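A.B. asks: In my numbering, the protein residues as written are 43 to 286. Ideal placement from N, C-alpha and C gives every residue a C-beta, glycine not left out. No experiment lies behind these values; they were computed from the predicted model shown.
#1: Can you give the Cα-Cα distance for residue 131 and residue 170, rounded to whole angstroms?
#2: What whole-angstrom Cβ distance do residue 92 and residue 152 have, given they're in contact under 8 Å?
#3: Specify the secondary structure class of residue 194 as computed by DSSP and reduced to three states.
#4: Alpha carbon to alpha carbon, how far is residue 228 from residue 249? Give it in angstroms, no decimals.
#5: Opposite residue 157 in the DSSP bridges: which residues?
#6: Could you give the distance in angstroms between the alpha-carbon of residue 98 and the alpha-carbon of residue 143?
#7: Could you tell me whether the segment 216 to 225 touches the segment 255 to 274, where touching means 3 or more Cβ pairs closer than 8 Å?
#8: Cβ of residue 94 within 8 Å of Cβ of residue 105?
#9: How many Å lie between residue 268 and residue 215 at the Cα?
#10: Go ahead and pull the three-state DSSP assignment for residue 97.
#11: Residue 9 and residue 109: beta carbons closer than 8 Å?
#12: Give me the Cβ distance between residue 125 and residue 103, rounded to the nearest whole Å; I'm assuming they're in contact under 8 Å.
#13: If the criterion is Cβ atoms closer than 8 Å, does the pair residue 225 and residue 251 meet it?
#14: By Cβ distance below 7 Å, which residues in the same chain neighbour residue 117 in space, the five residues on each side in sequence not counted?
#15: Residue 162: which of 240, 207, 230 and 89 sits nearest, CA to CA?
#16: Identify whether residue 127 lies in helix, strand or coil by the three-state DSSP scheme.
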């Protein structure tokens, strides 16, 4: 934002210095061809702006009745004489069109004047950007609030499997009952298959016990993975709701 203003200031100040130090401005009476100089557009008031001085106001007051100027320039001079700032291009247009034998020199006209800078208008933010900034501000406020009350509010307890003695005892009894049932089933099956051989019946019972333990382990793994998925989905849904 500052670079365009500096470029404009540099170009306009160089133009003003060239205009002031030119021979036509210093010795205007010996060069009456100044009235044929290229006049800038009076409607274009952009560019360098200077503070008004008493010599400027006096010159603009005389320019209001100068018949050499067009009606538009006389109206502009009448309007500028009551202002505290004057656009350089408009003042130069009036000075160029006025009588070169009676007009003051530019050096005396701009003596004591200062440059006036105008700040650019702030850029308007789009509605989408405003909503996004509002959401980010709300998220930042929630984080700051959570950081302030983290020592006051109790933490959310994460439910862990078998966190109580009741759950542990129930799971142990369930595993023992399942293994005992598997032993009985294997023992009875091998006893019927091998004509009630005690050794083979015992081997069948042990095999049934091992199979029951494997089945129980598989069911425990499946249950634990499901609990983890449910917990992760709850945490993700809570985080998304807080961010929205």
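C.D. replies: So, from the data block:
#1: To locate residue 131, count along the chain shown from 1; it is residue 89. To locate residue 170, count along the chain shown from 1; it is residue 128. Separation of residue 131 and residue 170 (C-alpha to C-alpha, rounded to the nearest whole angstrom) is 41 Å.
#2: Position 50 of the chain shown, counting from 1, holds the residue named residue 92. Position 110 of the chain shown, counting from 1, holds the residue named residue 152. About 7 Å; that satisfies the 8 Å criterion.
#3: In the chain shown, counting from the first residue as 1, residue 194 sits at position 152. In the structure shown, residue 194 sits in coil (DSSP, three-state: anything other than H, G, I, E or B).
#4: Numbered from its first residue, the chain shown carries residue 249 at position 207. Numbered from its first residue, the chain shown carries residue 228 at position 186. Going by the C-alpha atoms only, they are around 6 Å apart.
#5: Here residue 157 corresponds to residue number 115 of the chain shown, with the count starting at 1. Answer by DSSP bridge pairing, in chain order: 92.
#6: Position 56 of the chain shown, counting from 1, holds the residue named residue 98. Position 101 of the chain shown, counting from 1, holds the residue named residue 143. Cα to Cα, the separation comes out at about 17 Å.
#7: With a cut-off of 8 Å, the segment 255 to 274 and the segment 216 to 225 count as touching, because enough Cβ pairs lie within range.
#8: One-based indexing of the chain shown puts residue 94 at position 52. One-based indexing of the chain shown puts residue 105 at position 63. For residue 94 and residue 105, no; Cβs fall outside 8 Å.
#9: Against the chain shown, residue 268 aligns to sequence position 226. Against the chain shown, residue 215 aligns to sequence position 173. Distance between the alpha carbons of residue 268 and residue 215 is about 22 Å.
#10: Taking the first residue of the chain shown as 1, we reach residue 97 at position 55. Residue 97 carries a helical assignment under DSSP once its states are collapsed to helix, strand and coil.
#11: Here the chain has residues from 43 to 286 only, and residue 9 is not among them.
#12: As a position in the chain shown, residue 125 is number 83, starting the count at 1. As a position in the chain shown, residue 103 is number 61, starting the count at 1. Not confirmed; about 13 Å, so no contact.
#13: Translated into positions along the chain shown, residue 225 becomes position 183. Translated into positions along the chain shown, residue 251 becomes position 209. Against a cut-off of 8 Å, the Cβ pair of residue 251 and residue 225 comes out as a contact.
#14: Position 75 of the chain shown holds residue 117. Closer than 7 Å at the Cβ level, and outside the excluded window around residue 117, lies no residue.
#15: Sequence index remark: in the chain shown, residue 162 carries index 120 (1-based). Checking every option, the nearest Cα to that of residue 162 belongs to 89.
#16: In the chain shown, counting from the first residue as 1, residue 127 sits at position 85. DSSP places residue 127 in strand when its eight states are reduced to three.
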